[in-house]
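Participant: The numbering used here puts the first residue of the sequence shown at 50, with every later residue one more than the last.
Each residue gets a CB set at the ideal place from its N, CA and C atoms; glycine is no exception.
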Amino acid sequence: MKKLIIASICVALGVVLSTTSIPVGPARIFPFQHMINVILAVVVGARFSVGAAFSTSCLRNVLALGSPLAFPGSMIGAWLSAYLYKKYNALWAAALGEIIGTGLIGALVSYPIANFLLGKPLALLTLITSFAMSSVAGAFIGFIVLQILSRRHLLHKEA
50 MKKLIIASIC VALGVVLSTT SIPVGPARIF PFQHMINVIL AVVVGARFSV
100 GAAFSTSCLR NVLALGSPLA FPGSMIGAWL SAYLYKKYNA LWAAALGEII
150 GTGLIGALVS YPIANFLLGK PLALLTLITS FAMSSVAGAF IGFIVLQILS
200 RRHLLHKEA
């Protein structure tokens, strides 16, 4: 029950924070779902992390705050983040899982979806670049938050 409550709070936080972007050069990135994925991977594990990513994507799409590309990216990133964290028992592994899972694999899976939705071909490198910038920033923020919680002995990790 505790894991469900934590994941639910993070879903609400993910939806609220999805309205906030950070300018990076000419682009704007939305890193907070990635931050939440990394934190949940460590705190509640893969099942609840992926469920929260799916729920957040659903709500963001219903509220017109996201796109269908949020589904594969966030869910793959959440799963790989939790998987690598469990395998290596290290916070850096959770962050790396999010970056690879969303920034690379999620972008590759989203590529045909993006082309279908746009009705014209999109450069794959464009999609990978945007996913990677957002996931690197979010994973870094999540890693810092987890480091702070760990140093203050407030982090109860999923083992």
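Using the rule of at least 16 other Cβ atoms within 10 Å of the residue's Cβ for burial, across every protein chain shown, is residue 208 buried or exposed?
Facilitator: Along the sequence shown, read from residue 1 onward, the residue named residue 208 stands at position 159. Because residue 208 carries a pLDDT of 49, less than 50, the predicted location of this residue cannot be relied on, and the following value inherits that uncertainty. Looking at its Cβ environment, which holds fewer than 16 other Cβ atoms inside 10 Å, residue 208 is exposed.
Participant: Exposed or buried, residue 129, counting other C-beta atoms within 10 Å across all chains shown (16 or more means buried)?
Facilitator: The residue labelled residue 129 in the question sits at position 80 within the sequence shown. So residue 129 ends up on the buried side.
Participant: Using 8 Å for Cβ pairs, my map puts residue 147 next to residue 183. What's the rounded Cβ distance?
Facilitator: The residue labelled residue 147 in the question sits at position 98 within the sequence shown. The residue labelled residue 183 in the question sits at position 134 within the sequence shown. Not quite, the Cβ-Cβ distance comes to about 10 Å (not below 8 Å), so this is no contact.
Participant: Which stretch, first to last residue, makes up the beta strand (DSSP E) that contains residue 149?
Facilitator: Counting from one through the sequence shown, the residue named residue 149 turns up at place 100. It is not in any beta strand (DSSP E) - residue 149 carries neither H nor E in the DSSP assignment.
Participant: Less than 8 Å between the beta carbons of residue 124 and residue 187, yes or no?
Facilitator: The residue you call residue 124 lines up with position 75 of the sequence shown. The residue you call residue 187 lines up with position 138 of the sequence shown. Their beta carbons are not under 8 Å apart, which means residue 124 does not touch residue 187 by this criterion.
Participant: Please confirm whether residue 189 and residue 144 have their CB atoms less than 8 Å apart.
Facilitator: Position 140 of the sequence shown, counting from 1, holds the residue named residue 189. Position 95 of the sequence shown, counting from 1, holds the residue named residue 144. Yes, these two residues count as a Cβ contact at 8 Å.
Participant: So residue 118 packs on residue 159, CB below 8 Å; how close in whole Å?
Facilitator: Numbered from 1 along the sequence shown, position 69 holds the residue referred to as residue 118. Numbered from 1 along the sequence shown, position 110 holds the residue referred to as residue 159. That belief holds up - the Cβ atoms of residue 118 and residue 159 are roughly 4 Å apart, short of 8 Å.
Participant: My output table needs one value for residue 208: the three-state DSSP class, helix, strand or coil.
Facilitator: Residue 208 sits at position 159 when you count from the first residue of the sequence shown. Confidence at residue 208 is low in this model, with a pLDDT of 49, below 50, so its placement is unreliable and no value can be given for it.
Participant: Please report how far the alpha carbon of residue 51 lies from the alpha carbon of residue 98, in whole angstroms.
Facilitator: What you label residue 51 is simply residue 2 of the sequence shown in a count that begins at 1. What you label residue 98 is simply residue 49 of the sequence shown in a count that begins at 1. The alpha-carbon atoms of residue 51 and residue 98 are separated by roughly 13 Å.
Participant: In the structure shown, what three-state DSSP assignment does residue 93 receive?
Facilitator: Within the sequence shown, numbered from 1, the residue matching residue 93 stands at position 44. Here residue 93 sits in coil by DSSP.
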